[in-house]
Amino acid sequence: MSNEEQRVEEQENIFELLEKAKDIFKQYGTFLGEFKAQKVVFIGDTHGAIDITKYAFDNFYDKVDLMVFLGDYVDRYPPLGVENLQLILEKMVQTDGKKVLVLRGNHESPITNYYYGFYDEVKQKFDDENAYEKFKDFFSYMPYAAVVNGYFCVHGGLPSKVDSDGNLVLGINSVDDIRKLPYPDTEPSDSIAMQLLWNDPREGLEELTFVPNIRGEGIYYFGKKVVDQFLSQTGLKGIIRGHEAVDGFRIDIDKKIITVFSSVYHGQSAGILYRNGDEIKRIFIGQDKTVYELDGL
């Protein structure tokens, strides 16, 4: 087989992988479901940091019952989004989506891909002129959320809607509301879906519900009042999410929200969250690949 033939075959294998993974997602739709497992590891935004993804699989795949990826596998730096996503999906497909849960991030979308690198990366790496369209189609089938051991797992945060008085209020009353969202949805165009991928928690909002977010129109910050309402209505314990470039982790709202960021492009540490029942470990991976752990939150 010539190098060119091998290159074409490798590209076709990736397209086949996308279809296999999409078939798994179709079984669940917008909400992956509710899962219970003793040992779980949560991985936040990797953005092409395949070394962090490999570290997670090498050190946890055989030791835990569940691995949860919180979105943003492509874009930014390094330009290894294709390889990073491929590795994650291969593991997901091997277990038929039962051990490796893969959620959608705001960078699994053409809204960001045209500006943050993934579109150009695909154009450079694939001969098929429709290659990016295949990735874009795949992204539209990715789920927005899951519940793991009583924790709401999502990339961004809680969404808002406008009530009959014109006020911004909590946009979902239960996880079942997520199941009702349009599917597939490319950008996504639905406001609730968009906010699940884009919204951020903030301390200090007190009695305020949602306030405009600097990320752009239709995106919001939400605070304690909204979080407490959501957890009370759903009976859930807390929220585990990604989306913000923090130094491994950030803990908000009386420890009810845990942000996990698993890339190092921002000049700080990558974080991986490990839970074994009530035991919690925060694993930090530094710029120089030095690893250290902290117990608890």
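Numbering (the working numbering), first residue to last: 43 to 339. All C-beta atoms in this analysis are idealised placements derived from N, C-alpha and C, irrespective of residue type, glycine included. This structure is a prediction, so every number in the text was calculated from the model and none was measured.
Bounds of any alpha helix (DSSP H) do not take in Ser202; it lies within the beta strand (DSSP E) bounded by Ser202 to Val204.
Proximity to Gly139 across Leu108, Gln275 and Asp104 peaks at Leu108, based on C-alpha coordinates. When only Cα atoms are considered, Phe264 and Ile293 end up about 14 Å apart.
A residue is called buried when at least 16 other Cβ atoms come within 10 angstroms of its Cβ; Asp87 meets this threshold and is buried. According to the DSSP assignment, Pro224 belongs to no beta strand (DSSP E), since it is labelled neither H nor E.
Scanning Leu127, Tyr158 and Ile327 for the CA closest to the CA of Phe291 turns up Ile327. With a cutoff of 9 Å on beta-carbon distance, Ile130 and Val144 are scored as near each other. The way I'd put it, the segment 76 to 91 doesn't touch the segment 206 to 214; fewer than three beta-carbon pairs between them come closer than 8 Å.
The DSSP-derived three-state label of Gly280 is strand. Around the beta carbon of Glu150, 16 or more other beta carbons lie within 10 angstroms, which makes this residue buried. Between Leu239 and the set Leu200, Thr332 and Phe303, the nearest pair of CA atoms involves Leu200.
In the three-state reduction of the DSSP assignment, Met109 falls in the strand class, which pools E and B. The alpha-carbon of Arg221 is positioned some 18 Å away from that of Gly277. Remark: three or more beta-carbon pairs, one from each stretch, lie closer than 8 Å, so the segment 116 to 126 and the segment 153 to 164 are flagged as touching. In this structure, Ile281 lies near Lys298, with their beta-carbon atoms less than 9 Å apart.
With distances taken between CA atoms, Pro230 lies nearest to Gly147 out of Phe102, Tyr334, Pro121 and Gly147. Spanning the alpha carbons of Ile325 and Ser44 requires a straight line of approximately 43 Å. Cβ neighbours of Ser202 within its own chain (closer than 6 Å, five residues either side excluded): Leu210, Gly213, Phe252 and Tyr262. Taking the Cβ atoms as the reference, Gly198 lies roughly 7 Å from Asp242, within the contact range of under 8 Å. Here the alpha carbons of Leu247 and Gly258 stand approximately 19 Å from one another.
DSSP, reduced to helix, strand and coil, places Asp294 within a strand of the structure shown.
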